[in-house]
Amino acid sequence: MLYSEEINTFLAIVRCGSLLQAADIVCATQSTVSYRIQSLERRLGKSLILRSRGSKRVTLTPEGERFVDIAERWKLLEREVMQMKSTADRYLSIGSADVAALHLLPPFIERLSLNSTAYRLHVESGRYWSLHNRVASGHLHVAFTFVAASHADLRSEPIASYPVHIVYRPSATSPASGPASWRDLDVDKEVYVPYSAEIDHWRETRSMSKLTDSVDKNHLLAPLLTRPGRWALVPEFMIAWLTEQTGCQVLRLDDDPPPSLVLYKTTKRTHDELSSQDQAVIDEALAPLRESKE
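Taking our numbering, I'd label the letters of the sequence shown as residues 105 to 398.
See the structure below:
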């Protein structure tokens, strides 16, 4: 079994690149740090760190680089176990798609943190399939994504839906009044963002090119919209932020619009990990988000 102090020491070395600095971080002597790493390497049967005489810096072996992700996940699991052991507070773990975490859920998280019930909160972001798997495995109590779960043990409830429009950077040849529809835009200059299968299908049936610039995280979209003629499909809740960041203009797709982007709340069907009180608190904190779309 791996010991936490060995994992902590390994991660300290990864972050600072020095045995001496790692010793300060974990409050141990340099010889203790070396012993812990050697002990960890013996357990794994792999060399994790390259040691060079006369150098104050250390580097990771290929096995060490692969072990970083395992060590980070180990620490996350250890933290979750400690939170579950705590009887002083209630524990609630929440996952969210990146764009929802940035633009939609901050008021929800704030309401949870101010709730009279003392909750120890864990919040993380990720891709929808990873979040669904973490709910199914019990690592998360609830996840907010733009794709409904297909897992048999999960249920997804629509919370709100958002129209999708276009933001675009005018070019020298753009008409002063702007494009009348998406058909007036150069499809090769789209910046693609993967939102949902429904929106992807809408694009494909309109011969929108797949060989374009693309981002998988919406906060990286703004830099790619700086070139004239660039454009992207954007949910309504991002428009104000994105136009402020980029100076782009908005083309509202009232004619032949793409499907709206739906925000889903995903939980286990049995709600084994959530009490009725927890569910009520979550629903109460979500109320403003639901009301804003009614």
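All residues carry an ideal CB built from backbone N, CA and C; glycine is no exception.
Pro362, buried or exposed, once every other Cβ within 10 Å from all chains shown has been counted against 16 | buried
Count the other CB atoms, across all protein chains shown, that sit within 10 Å of the CB of Thr350; report buried if there are 16 or more and exposed otherwise.
-> buried
Just the C-alpha distance for Met105 and Ile174, rounded to the nearest angstrom, thanks.
-> With a pLDDT of 47 at Met105, under the threshold of 50, the modelled position of that residue is not reliable, and the figure given next carries that caveat. If you take the alpha carbons of Met105 and Ile174, they lie about 14 Å apart.
Given a cut-off of 9 Å, decide if Ile111 and Glu182 are closer than it, judged by their beta-carbon atoms.
-> yes
According to the neighbour-count rule (16 or more other Cβ atoms, all chains shown, within 10 Å of its Cβ), is Ile386 buried or exposed?
-> buried
Measure the Cβ-Cβ separation of Ser265 and Leu367 and say whether it is below 9 Å.
-> yes
Does the segment 299-310 come close enough to the segment 236-244 that 3 or more CB-CB pairs lie under 8 Å?
-> no
With respect to the alpha helix (DSSP H) encompassing Val118, which residues constitute its N-terminal and C-terminal limits?
-> Ser108 to Cys120
DSSP bridge partner residues for Ile198 (one or two, in chain order) = Val227 and Val246
N-terminal and C-terminal residue of the beta strand (DSSP E) that Pro339 is part of | Trp335 to Pro339
Give the single residue among Val118, Ser197 and Arg238 whose Cα lies nearest to the Cα of Ile153.
-> Val118
Buried or exposed: Arg356, going by 16 or more other Cβ atoms within 10 Å of its Cβ?
-> exposed
Taking all protein chains shown into account, do 16 or more other C-beta atoms lie within 10 angstroms of the C-beta of Arg310, making it buried, or fewer, making it exposed?
-> exposed
Cβ-based burial, Arg273 [other Cβ within 10 Å; buried from 16] | buried
Quick one: what's Arg259 bridged to in DSSP?
-> Thr371
Helix, strand or coil at Asp320 [DSSP, three-state] | coil
Ordered along the chain, which non-local residues of its own chain (more than five positions away) have a Cβ less than 8 Å from that of Ser285?
-> Leu355, Leu357, Asp359 and Asp360
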